[in-house]
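All residue numbers for the sequence shown refer to the working numbering, where the first residue is 998 and numbers rise by one. Each residue gets a CB set at the ideal place from its N, CA and C atoms; glycine is no exception. Working notes, beginning with the structure itself.
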Amino acid sequence: MKKMQLSGEELRHISESLEMLMHAGISPADGFTMLAEDEKGGYSELLRELAGYCDSGYSLSESLKKSEAFPAYMSSLIEVGEKTGRLEKSLSALAQFYDNRLRLERQIKTALLYPALLLIIMFIVIGVLLVEVLPLFDKVYGQMGSSLTGIAGVLLALGKVIKSIMPAICILVAVAAVLMIMISFSGSFRNSFLGFWKKNFGDKGVWEKINIARTAQAISMSVSSGLAIEDALTMAAKLTEDIPSFQKRCLGSIEDLSRGETLSDTLSRNRILPKTECRLLEVGMRGGLGDDAMQSIAERLLEESEYALASKISRIEPCIIVITAGAVGLILLSVMMPLVQIMASLG
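Below, the structure is given as structure tokens:
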């Protein structure tokens, strides 16, 4: 069977469905068979293939590896869950991880799409005023023995320059529109674009909060599956390969812990987690509730990153609207001033 690449939604669906079916006492083989009945195409064939592997005596993690359709960290975490007797919890943690990641992706999609759409509309409105409306008023004023001067004259000259390079501007607008459409409807292109952005700007501002939340989710998922904190950081480093700065932080934390430094100081100094959350995690680890503490931290950081992203969007959109309204008002006011002067001279 040809190897297929599963989406985050499909990985979440498989993890969540298997966790619920196994909790009800249904084996992975029967679970995959039941899931395949409701699907079509390559996805259904993959589920039937997995059921066949499980029926042949392979464990769930071995079946996922043989299919070559699942991320290595997913099969590794399930293998850890099998060895520690926490398979259901591993599947639940994976489902939560993918669900949170999909939530963030939707938030990021909104953050990229709406401001970009508003910017394009703003440029179109201002461009039409400069290129079409101002020359029309200048022609009318010329017939009345006057002309646009001052700010209106400067804007008129700017409109002529814009008109002379209009073909290039149209191409740029078309490219921007195509990019927006591809980011909105093509998951692979959106992931490639976000991968490039995170690689170059992933440790700044809102993106740093998002990636801290993402790292916390990876650690929480690993700890829930039974991994020690050092191994959880190793797993987090694998999951942040697309953000070199964060991967370096995770690897640096592993080295610090191997030298005997405290968990709180290590995670705080390497900026893996905020200082207060580091202390909470260390207390949870000492009390035997590390997985619960880490899950609580991951959920809180996810909410904070979503709030920071929404707050950023809420500031950008009003700014664009105010700039557009101000520019339109300035253009119209500069056009009307000569008319006021003409009316005053006639009066």
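With 16 other Cβ atoms within 10 Å as the buried cut-off, status of residue i
i	result
Leu1065	Note on identity: in this sequence residue 1065 is Glu, with Leu being the wrong assignment. With fewer than 16 Cβ atoms within 10 Å of its Cβ, Glu1065 is classed as exposed.
Ile1011	buried
Leu1347	Lying outside 998 to 1344, the shown extent of the chain, residue 1347 is not represented and no answer is given.
Ala1233	buried
Gln1093	buried
Glu1006	exposed
Gly1022	exposed
Ser1053	exposed
Glu1252	exposed
Phe1067	buried
Ala1154	exposed
Ile1209	buried
Arg1103	exposed
Ile1168	exposed
Ile1328	buried
Glu1300	exposed
Collapsed DSSP secondary structure at residue i in the structure displayed
i	result
Ser1302	helix
Val1067	It should be noted that the sequence gives Phe, not Val, for residue 1067. Phe1067 falls in the coil class under three-state DSSP.
Gly1249	helix
Pro1025	helix
Leu1327	helix
Ala1225	coil
Glu1036	coil
Leu1278	helix
Ile1117	helix
Gln1104	helix
Leu1259	Contrary to the premise, residue 1259 reads as Thr rather than Leu in this sequence. Looking at Thr1259 - three-state DSSP - the assignment turns out to be coil, as it is neither helix nor strand.
Gln1002	coil
Ser1087	helix
Ser1014	helix
Beta-carbon proximity check, residue i vs residue j, cutoff 8 Å
i	j	result
Leu1115	Ser1331	no
Leu1264	Ser1250	yes
Gln1214	Ala1295	yes
Ser1219	Ala1229	yes
Ser1221	Ser1087	yes
Leu1008	Tyr1095	yes
Ile1363	Val1128	The structure shown has nothing for residue 1363, since the chain only spans 998 to 1344.
Pro1025	Met1019	yes
Val1203	Ala1305	yes
Gly1223	Arg1083	yes
Glu1227	Leu1248	no
Met1119	Ile1310	no
Glu1079	Leu1057	yes
Val1337	Val1122	no
Pro1335	Ala1149	yes
Leu1133	Gly1156	no
Ile1269	Leu1101	no
Sequence-distant residues of its chain with Cβ nearer than 6 Å to residue i (five each side left out)
i	result
Leu1260	Glu1279
Ala1033	Ser1041, Leu1044, Arg1045
Pro1315	none
Glu1274	Ile1294
Ala1048	Ala1026, Phe1029, Thr1030
Close beta carbons around residue i, own chain, < 7 Å, minus the five adjacent residues each side
i	result
Leu1091	Ser1012, Met1071, Leu1074, Met1218
Leu1015	Pro1025, Gly1028, Leu1088
Lys1063	Tyr1050, Tyr1055
Close beta carbons around residue i, own chain, < 8 Å, minus the five adjacent residues each side
i	result
Leu1099	Gly1005, Glu1006, Arg1009
Any C-beta of chain B under 8 Å from that of residue i
i	result
Thr1212	Among the chains in the structure shown there is no chain B, since it carries only a single protein chain.
Any non-hydrogen atom of the ligand PLP within 7 Å of residue i CB
i	result
Arg1100	No copy of the ligand PLP occurs in the structure displayed, which carries no ligand at all.
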